[in-house]
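Each step along the sequence shown adds one to the number in our numbering, with nothing skipped, and position 16 is 21.
Just below is one structure, and these are the notes that go with it.
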Amino acid sequence: MSDALSLIRIISKDFDLAEGLSEEQLRFAMIDAFGYLIDNDFSKLVQILYKADVDQYKLKELLENTNGASAAEIIADTYIARQKAKIETWKKYSS
Numbered sequence: 006m007s008d009a010l011s012l013i014r015i016i017s018k019d020f021d022l023a024e025g026l027s028e029e030q031l032r033f034a035m036i037d038a039f040g041y042l043i044d045n046d047f048s049k050l051v052q053i054l055y056k057a058d059v060d061q062y063k064l065k066e067l068l069e070n071t072n073g074a075s076a077a078e079i080i081a082d083t084y085i086a087r088q089k090a091k092i093e094t095w096k097k098y099s100s
């Protein structure tokens, strides 16, 4: 299974996504989704980030120190990076 497909499958556990998305399309979908959650369902946002094991201290630092990007972009990029790291770990220990 390709890394892109693995990534979409992992993220689809928390979000309704089509399987044929490119990584760029996935990023934009995540920015939209996290933007919605920031505005409308903050507790669900926290739950998703906790479940994905996103480092809260790293995320807080990024949110405080990154200029030129919205909070939704920063959260989406951090979330996607964490999911990619999980895939790499699984690949490393499954062979």
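Glycine is no exception: its CB is placed at the ideal position from the N, C-alpha and C atoms.
Would aspartate 44 pass as a contact of arginine 87 if the rule is Cβ separation under 8 Å? If you number the sequence shown from 1, residue 44 lands on position 39. If you number the sequence shown from 1, residue 87 lands on position 82. No, Cβ-Cβ distance for aspartate 44 and arginine 87 is not below 8 Å.
Quick check on DSSP: helix, strand or coil for leucine 26? Within the sequence shown, residue 26 is the residue found at index 21, counting from 1. When secondary structure is reduced to three states using DSSP, leucine 26 falls in the coil class, being assigned neither helix nor strand.
Contact set for alanine 77: own chain, Cβ-Cβ below 7 Å, skip 5 residues either direction: For this step, residue 77 is matched to residue 72 along the sequence shown. For alanine 77, where only same-chain residues beyond five positions count, the Cβ hits under 7 Å are Ile36, Phe39, Gly40 and Ile43.
Please classify alanine 81 as buried or exposed, where buried requires at least 16 neighbouring CB atoms within 10 angstroms. Your numbering for residue 81 matches position 76 in the sequence shown. The residue is buried, with at least 16 neighbouring Cβ atoms inside 10 Å.
Could you tell me whether the Cβ atoms of isoleucine 92 and aspartate 8 are closer together than 8 Å? Residue mapping note: residue 92 aligns to position 87 of the sequence shown, counting from 1. Residue mapping note: residue 8 aligns to position 3 of the sequence shown, counting from 1. Less than 8 Å divides the Cβ of isoleucine 92 from the Cβ of aspartate 8.
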